[in-house]
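Here the structure is laid out as structure tokens; the discussion comes afterwards.
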Amino acid sequence: MSKLGPYASYDKETGFHPHPLHDNINYVGSFERLNVDVKGVIHVGMYDFVEHYCYTKLVGDKVIGVEANKFVYDTMSKPIADRCGYLSFNECVYSEDGVEKQFFLANDCSTLNPVAYSNHLSMKLRDGNYVDVTTKKLSTLIEENNIDMDQYDFLNIDAEGAELEILKGFEDNLKYINMIFLETSLDDRNKTGASHDIIVEWLKERNFSLAEMSDSYQDERWGDSIFLRNDRELEPFNKEKYLLK
């Protein structure tokens, strides 16, 4: 679950969250709270892909997942995606195609940016384990697989500091997206030059407004943010879709 709570809503009428820690708890999800409907999801940085509970409730199998860590993809991400009927890909998406880079392995914090911004990540990266990867733009991945972008309007990126680079590699397809969910940091803790304010400004220039920030920014200086498209009217959230699942 994100620092802004679940993406989908949960209650007695439409069904409670299946995880025992969240059972019998009413949640108002991000889409209902912001009154924005959703057709399909593109999620970069799958890891154990716990988000699938919300995604399936919201959009059925209209989900695309991307994970750069091959071991994580093979053992956790892909099995969940396959079970849910999602499309999934083991690719390291970035702002450019064909760049040879080192992808540092640190479980849920695996990253292209081996900066020990916290004791937590420093311990995970201390052995310097990495694999060589060749990057690919997310737009290239979409084109290569003949994906109909009219079916996808929500983009979620959790990539330990590579969020802005991934956005740049998806700029050709941003016109299809209505909501973007990102992990950002006020102090650029990944030392990539992409602080929260820089990302906000980049998206503002492309017709997205900052809609929500998690409370964690106040104390931890990082957290989750939601951006909404501001140059067209967005379809209001349709709660009736929950009753059909």
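Position 28, counted from 1, in the sequence shown is what our numbering calls 26; the numbers after and before it change by one each time, with no gaps.
Glycine is no exception: its CB is placed at the ideal position from the N, C-alpha and C atoms.
All values derive from a computational prediction rather than experimental measurement.
- Relative to the Cα of Asp151, the nearest Cα in the group Phe225, Asn188, Tyr25 belongs to Phe225.
- Of the candidates His41, Lys99, Thr133, the residue whose Cα lies closest to the Cα of Glu89 is Thr133.
- When the beta-carbon positions are compared, Asp35 and Leu241 stay at least 9 Å from each other.
- One alpha carbon belongs to Val198, the other to Met211, and they sit about 11 Å apart.
- The segment 160 to 210 is shown to contain whole beta strand (DSSP E) runs of 3 or more residues at 177 to 183, in chain order.
- Between Leu85 and Ile140, the alpha-carbon positions lie close to 11 Å from each other.
- Scanning Val64, Leu56, Val26 for the CA closest to the CA of Gly43 turns up Val64.
- In this structure, the straight-line span from the alpha carbon of Asn188 to that of Asp21 is close to 35 Å.
- Met74 is positioned such that its CB atom lies no closer than 9 Å to that of Tyr51.
- Annotated three-state conformation of Phe47 is coil, per DSSP.
- Beta-carbon to beta-carbon, Phe29 and Phe235 are separated by about 5 Å, close enough to satisfy the 8 Å threshold.
- Scanning its chain for C-beta atoms nearer than 8 Å, with the 5 sequence neighbours on each side dropped, one finds around Glu169 the residues Ser137, Arg204, in chain order.
- Counted as a single uninterrupted DSSP element, the beta strand (DSSP E) harbouring Asp130 occupies residues 128 to 135.
- Leaving aside the five residues that flank Leu2 on each side, the residues in its chain whose CB is nearer than 7 Å to its CB run, in chain order, Ser28, Glu210, Ser212, Asp222, Ile224.
- One Cα belongs to Glu11, the other to Val26, and the distance between them is close to 13 Å.
- Taking the Cβ atoms as the reference, Tyr92 lies roughly 7 Å from Ala160, within the contact range of under 8 Å.
- Assigned with DSSP and collapsed to three states, Tyr25 falls in strand.
- When only Cα atoms are considered, Asn228 and Lys173 end up about 11 Å apart.
- Counted as a single uninterrupted DSSP element, the alpha helix (DSSP H) harbouring Ile78 occupies residues 76 to 82.
- Residue burial annotation: Ser214 is exposed, with fewer than 16 other C-beta atoms found within 10 angstroms of its C-beta.
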